[in-house]
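First up is the structure itself, then whatever we jot down about it.
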Amino acid sequence: MQITSVTGVIKQSIKMDSKNIWQNVSGKLAGENTKEQDAALDEWLQAEKTNRNIFERLLEIWNYNPAQVQDTSRMYQKFRNRVGQFEHTSRVHNFVSYGLRISAILLLLVGMTILIQKFILPGNETQLAYNEIFVPKGNRTFVVLPDSTKVWISNSTKLKYPHEFSGKTRELFLTGEAYFEVAHNKHKPFIVNIGANRIKVLGTKFSVTAYPEDNLVRADLISGKIQFDIRSGESSKNYKSFFVTPGHSMEFNKATNTITDSEIPEGFYDYWLHGLYAFKNESLESLARKVKRIYNVEIIFEDEYLKSKRYNGSFSVDDNIFNFIEAIKQTSVEPVEYRLDGNKLFINLKK
């Protein structure tokens, strides 16, 4: 999407047939439009160059082929053999389903409409346009940023980034979890804003986990160098900076205002490459939060005692909630029972 028109023209372009234009766009991509809808869409495309640029950008997303992502499984095996060797690129299985592409496109359209109107200053010829992608619970996806940085986006995650990195920095906003392979540019730092805090890099491979409902904000560094900036005081300009070592994770606890450094667990790449989440001595309450994001099912504890129960093991994002809860049931020392009601799963100690 290239925004070059003045404010009034852009707003008119976006608002034109706003009640059904986005439905016509998604219908065209899916091949489900009627002749009348195609005619209305064609009229909209001919009305403004901005409209054509928007449609072309969405067409790129729709036609994205995950098979084009470089296959580097041998490098992954090298990573598994020696965690200290962090010179590789990653491969991701096909996360992008038909339904997810529809969801991503519709959410991108909505976010784009709001952000164009929000970030255009009246009377200013310079426009700032953002793309915004939200990945729903139970899904993951992949996107290439304007600077060729690759991003694997996890479930329940929102990513907002400019259509073009035109300033002195490459700055974006993340709520949730994502893995980045940042295109190197020593003259233009790459900044990931995560709430009040941020990650600053030049070119590297790392992941960020920053869900607003969690107390922990974590950065995992595979290679390169990142600076973890923690907000200090009320001012948005004051930060305490910490540098993360390759092969290490740094966690910031928002509740206790403390920093913890540790080695990246061996299962790190299993999650991003194969969707396999491994856990050790993790509470059922913590697992329940992850399950909600992955399977879109909320676990309700009818017995509070179960929240503190700890488990070791792993589960796949390609499994379902029944596989997970049955594994919990079979491995629990004390018998548990559960029932599913819609997207809520109630669990308690068996009487």
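Just so it is clear: in the sequence shown, position 18 is 7 by my numbering, and no numbers are missing. From the three backbone atoms N, C-alpha and C, an ideal C-beta is built for every residue, glycine too.
Could you say which of 340, 283 and 315 lies nearest to residue 130 if we only look at CA atoms? Answer by Cα proximity: 283.
Please report the straight-line C-alpha distance between residue 124 and residue 286, rounded to a whole angstrom. 16 Å
Straight-line Cα distance separating residue 209 from residue 196: 5 Å
So for residue 176, helix, strand or coil by DSSP? coil
Quick check: the stretch 251 to 265 against the stretch 286 to 299, are at least 3 beta-carbon pairs closer than 8 Å? For the pair of segments examined, the stretch 286 to 299 was found not to touch the stretch 251 to 265: the number of CB pairs separated by less than 8 Å stays below three.
How many angstroms separate the CA atom of residue 33 from the CA atom of residue 126? 33 Å
Going by DSSP, name the residue or residues bridged to residue 151. Per DSSP, 119.
On the three-state DSSP scale, how would you describe residue 185? coil
Going by alpha carbons, who is nearest to residue 160 out of 178, 332 and 143? 178
On the DSSP bridge list, what partners appear for residue 216? 189 and 232
What is the residue span of the alpha helix (DSSP H) that residue 253 lies within? Boundaries cannot be given for residue 253, as no alpha helix (DSSP H) includes it and DSSP labels it neither H nor E.
Residue 152 classed as buried or exposed, judged by whether at least 16 other C-beta atoms fall within 10 angstroms: buried
Have a look at residue 66 and residue 211 and give me their C-alpha separation to the nearest angstrom. For residue 66, the pLDDT reaches just 44, beneath the cut-off of 50, and the residue's location in the model is therefore unreliable, leaving the point undetermined.
Are the beta-carbon atoms belonging to residue 325 and residue 339 less than 8 Å from one another? Contact flag set, yes.
Give me the DSSP bridge partner(s) of residue 326. 337
Enumerate in chain order the residues of its own chain whose CB-to-CB distance from residue 320 is below 8 Å, with the five nearest sequence positions on each side excluded. Beyond the five residues adjoining it in sequence on each side, residue 320 comes within less than 8 Å, by CB distance, of 300 and 302 in the same chain, given in chain order.
Going by the DSSP bridge assignment, what does residue 198 pair with across the sheet? Under DSSP, the beta-bridge partners assigned to residue 198 are 166 and 207.
Please list, in chain order, all residues of the same chain as residue 251 whose beta carbon is under 7 Å from its beta carbon, the five residues on each side excluded. Excluding its 5 nearest sequence neighbours in each direction, residue 251 has C-beta neighbours in its own chain below 7 Å: 237 and 238, listed in chain order.
How would you call residue 198, buried or exposed, if buried means at least 16 neighbouring beta carbons within 10 angstroms? buried
Nearest-angstrom beta carbon gap, residue 193 and residue 171 [assumed within contact, 8 Å]: 5 Å
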